[in-house]
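Undergrad:
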Amino acid sequence: MEVFNKIYSQVSSSVSSTVSQLSGVLPGNPVTREFESSAHIASAGPGLLWKIYKGSKRSTKQAASIFVFEKRQLEKWNKNDREFILETLRRGVVQLTKIRHPKILTVQHPLEESRESLAFATRTCVCQLGKRTGTNQ
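For the sequence shown, full-length UniProt numbering assigns the number 1 to the initial residue and increments by one for each residue that follows.
The structure is reproduced here in C-alpha cells:
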C-alpha cells in the first residue's frame with residue numbers, strides 16, 4: 001500500500017505541474033473553451049516552434065492534438081521579422097485547414113489568436129512534425 005501511495009503522489013504532482021504549465025501557455029485563447037489539454041507530447045513546424053499538447057474535445061471527449069505557438073518566442077527578432085514569422089505561421093494553418101485528404105492532418109478547430117499565443121486543434125498526432133533547423137537530421 002505504501003508503494004501505491006508513493007506512486008500516486010508522484011503521478012498527481014506530475015499532473016498538477018503539467019496542468020499549471022498549460023494554464024500558463026493557453027490563458028485567454030479561445031481553443032481552451034472547447035478543448036482540454038494535458039501533456040506536451042511533441043513539437044512541429046519550422047524550428048519546432050509549435051508545441052503539441054495531448055487533449056480532448058470537451059463536448060465529445062474525442063482525442064485531439066492542440067498546437068500552440070507562444071508569441072514570446074519572437075522576442076529575439078526585430079519587428080519586421082516577427083510579423084513575417086507570424087504571417088507565415090497563420091498562412092500555413094489556413095492552408096492546412098483547407099486541405100481535405102485522409103492522409104493529411106485534419107484540423108478540428110481553426111486557428112485562434114490571443115495576445116500571448118496562436119492555437120488550433122487537429123486529430124491526434126503522436127510524433128514530431130518538423131525538422132530542427134541547423135541540425136543534421
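Quick reminder that beta carbons are idealized off the backbone N, C-alpha and C, glycines included. Computed from a predicted model, the values in this text were never measured in an experiment.
With a CB to CB cut of under 8 Å and the five nearest residues on each side skipped, what residues in its chain are close to Leu-86?
TA: Lys-71, Leu-74, Leu-118
Undergrad: Which of helix, strand or coil does DSSP assign to Thr-32?
TA: helix
Undergrad: From what residue to what residue does the alpha helix (DSSP H) around Ile-85 run?
TA: 79 to 98
Undergrad: For Ser-43 and Tyr-53, I'd like the C-alpha separation in whole angstroms.
TA: 9 Å
Undergrad: Output the boundary residues of the beta strand (DSSP E) element that contains Leu-49.
TA: Premise fails: Leu-49 is in no beta strand (DSSP E) and is neither H nor E.
Undergrad: Can you find the residues in the same chain that come closer than 7 Å, C-beta to C-beta, to Leu-96, ignoring five residues on each side of it along the sequence?
TA: Leu-105, Val-107
Undergrad: Using the Cα positions of Ala-64 and Thr-88, report the straight-line distance between them to the nearest angstrom.
TA: 23 Å
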